[in-house]
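Below: one structure, written as structure tokens.
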Amino acid sequence: MTARIIDGKALSATVRAEVAERVKTLRAQGIQPGLAVVLVGEDPASQVYVRNKAAACEQAGLHSRVIRMGEDTTEAELLDVVRQLNDDASIHGILVQLPLPGHMNTAKVIETIAAEKDVDGFHISNAGLLMTGKPLFRPCTPYGVMKMLESEQVAIWGAEAVVVGASNIVGKPMAMLLLAAGATVTLCNSKTRDLGKQTRRADILIVATGRPGMVTADMIKPGAVVIDVGINRLPDGGLVGDVEFEGAREVAGAITPVPGGVGPMTIAMLLVNTLEAAERSAAGISLQTQ
Ligand code: GUN
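Taking my numbering, I'd label the letters of the sequence shown as residues 21 to 310.
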């Protein structure tokens with residue numbers, strides 16, 4: 021069997037076109053959704069992500085503000101910028117690009133972002149809302165994965181879903197979203213014994229470890245839907261995921277490519293979250309009233 025390729029680039033274009041339409045409606049009421057992206061330091065991958073996020077905003081009719089701060093910025097300076105953005109009515113979404121330089125307390129920075137502007141969904145209030153089944157913002161990458169599964173009409177209710185990688189950004193929120201959609205979820209981490217034993221049970225396998233080639237064909241149940249969240253740069257400059265694609269595509273029923281799979285969806289869902297933050301703000305809906 022050769023797997024169906026799940027085209028994240030095409031689905032992302034569809035989602036972004038839908039966002040652009042809703043932005044038009046909001047702009048007709050005099051509101052332009054605005055996203056602020058804060059980048060501290062010179063991390064080359066982060067530079068690319070931030071550029072892509074800003075470009076996607078412009079394309080969909082949102083306004084974006086990129087705030088670049090030097091590697092030697094103090095935590096207090098960064099917190100000041102975040103607080104100013106919290107108070108800025110033209111900004112509906114705030115994203116502080118991670119990772120932050122080592123001298124910063126990442127959790128403290130995230131908790132300083134107003135929860136109703138936390139379009140990443142990383143704030144402890146948003147993590148709690150997701151955990152209790154009442155999400156305000158779904159973290160963009162897992163949200164994009166759910167959108168892909170929905171678009172591919174993958175049956176989630178009652179399915180065995182295995183998530184490899186337990187980060188706050190992807191693995192844990194991914195598990196919560198799958199659970200809420202009715203899957204039986206196994207969340208694996210770097211200490212999981214006999215990973216293949218777990219992954220081979222999966223009807224839906226989500227891999228987010230940041231390790232190229234972590235999942236091989238023999239670890240996949242024939243016909244499974246395989247979602248590869250990894251984006252790893254090889255020494256030759258090429259990009260690969262966490263799944264050994266050529267082998268896996270002969271076993272899986274459907275699989276996402278890297279690049280062109282989950283990556284474009286993350287940005288599309290960031291636009292959705294920013295748009296919805298602006299819509300809620302226009303409707304006067306706060307965290308307390310939602
Ligand atoms: N770094 C890698 N992924 C992300 C993300 O989704 N949001 C932020 N803020 N930083 C990241």
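Think of the CB as a built atom: it goes at the ideal place given N, C-alpha and C, for glycine as much as any other residue.
Rounded straight-line distance, which links the Cα of residue j to that of residue i
{"i": "E131", "j": "K137", "result": "11 Å"}
{"i": "E235", "j": "I114", "result": "The identity of residue 235 in the sequence shown is Val, whereas the question assumes Glu. Looking at the two C-alpha atoms, the distance is approximately 34 Å."}
{"i": "V116", "j": "T34", "result": "26 Å"}
{"i": "S66", "j": "G90", "result": "13 Å"}
{"i": "A175", "j": "P232", "result": "28 Å"}
{"i": "K217", "j": "V205", "result": "14 Å"}
{"i": "T255", "j": "G178", "result": "The sequence as given places Pro at residue 255; Thr does not occur at that position. If I take the Cα positions, the gap works out to 41 Å."}
{"i": "G281", "j": "V102", "result": "31 Å"}
{"i": "L150", "j": "M196", "result": "7 Å"}
{"i": "L59", "j": "I251", "result": "20 Å"}
{"i": "E95", "j": "K211", "result": "33 Å"}
{"i": "A288", "j": "D214", "result": "35 Å"}
{"i": "L199", "j": "F157", "result": "16 Å"}
{"i": "A268", "j": "G304", "result": "48 Å"}
Rounded distance between the beta-carbons of residue j and residue i, thought under 8 Å
{"i": "P64", "j": "L295", "result": "The Cβ separation is near 29 Å, so there is no contact."}
{"i": "V183", "j": "T229", "result": "No, V183 and T229 are not in contact; Cβ-Cβ is about 10 Å, not under 8 Å."}
{"i": "K44", "j": "L290", "result": "Incorrect: roughly 19 Å between the Cβ atoms, too far for contact."}
{"i": "L55", "j": "C77", "result": "5 Å"}
{"i": "M285", "j": "L31", "result": "7 Å"}
{"i": "G202", "j": "V245", "result": "Actually they do not touch by this definition, with Cβ atoms about 15 Å apart."}
{"i": "E270", "j": "T22", "result": "6 Å"}
{"i": "I224", "j": "A181", "result": "4 Å"}
The ligand GUN heavy atom lying under 7 Å from the CB of residue i
{"i": "T286", "result": "yes"}
{"i": "L98", "result": "no"}
{"i": "C77", "result": "no"}
{"i": "C208", "result": "no"}
{"i": "V116", "result": "yes"}
{"i": "T161", "result": "yes"}
{"i": "I189", "result": "yes"}
{"i": "D140", "result": "yes"}
For a minimum of 3 consecutive residues, which ranges assigned as the beta strand (DSSP E) are wholly contained in the stretch 89-154? DSSP runs (the beta strand (DSSP E)) wholly in the stretch 89-154: 113-116.
Whole alpha helix (DSSP H) elements within the stretch 186-247, 4-residue minimum: Considered as a whole, the stretch 186-247 harbours 191-200 and 215-219 as its complete alpha helix (DSSP H) runs of no fewer than 4 residues, in chain order.
Going along the chain, which unbroken runs of the beta strand (DSSP E) with 3 or more residues stay wholly within the stretch 160-184? Segments of the beta strand (DSSP E) lying fully in the stretch 160-184: 180-184.
Going along the chain, which unbroken runs of the alpha helix (DSSP H) with 4 or more residues stay wholly within the stretch 251-307? Along the length of the stretch 251-307, whole alpha helix (DSSP H) runs at least 4 residues long occupy 265-268 and 282-302, reported in chain order.
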